[in-house]
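Note sheet for the following structure.
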Amino acid sequence: MQGKYTVRTAELPDEAAADANGKENGEGRTGKGDLFENYCKDDDLANVARLLFTLTIMLTYPIECFVTREVLDNAFFVTRFPSNLVRHIIMTLFIVLTTFAFSTLTDCLGIVLELNGVLAAIPLAYILPAATYLKLENGPLLSWAKFPALMLAVCGAAVAICGTVVAIIDINAGISCSHGADMPYCTVPAANVTV
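For what it's worth, this note's numbering labels the leading residue of the sequence shown as 439, then goes sequentially.
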């Protein structure tokens with residue numbers, strides 16, 4: 439029993455490096471872009487996580503819709519027209535219908551999460567805080583005090599650009615989604631599974 443875990447532990451760095459590069463992980467399978475598709479449909483913990491993720495998205499959407507509506511209102515209408523209920527309803531319907539249209543164009547959640555990461559999460563976490571510090575801190579841009587923030591912004595921009603390019607290449611290559619198909623290890627009979 440001890441020998442089995444020692445061998446698997448020794449393989450861990452190799453498997454982690456292979457998985458990070460998108461290669462097969464030693465057991466003849468590759469992971470999917472949508473993390474929840476990597477779990478079997480009868481996995482109770484994964485199903486609870488799917489439910490919580492769905493609830494999070496459902497509760498987050500109205501807040502994001504409000505922010506988007508306010509930004510559009512301030513960008514296009516605040517100086518020309520006073521705010522009114524009709525414009526509020528029309529803008530809300532426009533935002534909801536636009537997001538609905540985009541959401542029906544793909545059922546491949548992996549590419550959506552990838553684009554969300556490179557276009558929203560990376561700038562929000564790495565580029566904008568560093569750029570804000572660089573703008574507000576006194577002194578020349580190329581100083582030792584600003585060097586860490588400058589490198590953070592540059593590296594964040596590089597990752598965002600590379601991630602966007604990879605996502606575009608994947609889209610042009612025609613990403614293949616499984617469309618709800620089970621992973622090969624989910625179809626193995628339970629009697630043959632070793633723990």
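Using N, Cα and C, we set each Cβ at its ideal position, and we do this for glycine too. Just so it is clear, the structure is predicted and the values come from calculations on it, not from any experiment.
Review point. Touch check for the region 598 to 611 and the region 547 to 558: three-plus C-beta pairs under 8 Å?
Key: yes
Point to revise | Sequence ranges, beta strand (DSSP E) only - wholly within the region 554 to 622, length at least 3 | key: none
Practice item. Pair every Cβ in the region 550 to 564 with every Cβ in the region 593 to 603, then say whether three or more of these pairs are closer than 8 Å. Key: yes
Exercise for review: Take A634 as the anchor and find which of L566, A583, E575 has the nearest alpha-carbon.
Suggested key: The first residue shown for the chain is 439 and the last is 633, placing residue 634 beyond what the model contains.
Practice item. Specify, as a first and last residue, the run of the alpha helix (DSSP H) that F514 falls within. Key: 482 to 514
Check your understanding: Which residues mark the beginning and the end of the alpha helix (DSSP H) in which F532 is found?
Key -> 523 to 543
Review point. Given a threshold of 16 other Cβ atoms within 10 Å of its Cβ, counted over all protein chains shown, does A568 qualify as buried or as exposed?
Key: buried
**Study point:** Test item: CB-CB of V556 and T506 under 9 Å
**Key:** no
Practice item. Would you decide whether E508 is buried or exposed? Buried here means 16 or more other CB atoms lie within 10 Å of its CB. Key: By the beta-carbon neighbour count (other beta carbons within 10 angstroms, threshold 16), E508 is exposed.
Practice item. Classify E575 as buried or exposed, calling it buried when 16 or more other Cβ atoms lie within 10 Å of its own Cβ. Key: exposed
Point to revise | Simplified DSSP state of C546, which is helix, strand or coil | key: coil
**Study point:** Helix, strand or coil at C478 according to DSSP, with G and I counted as helix
**Key:** DSSP places C478 outside both helix and strand once states are collapsed to three, so it counts as coil.
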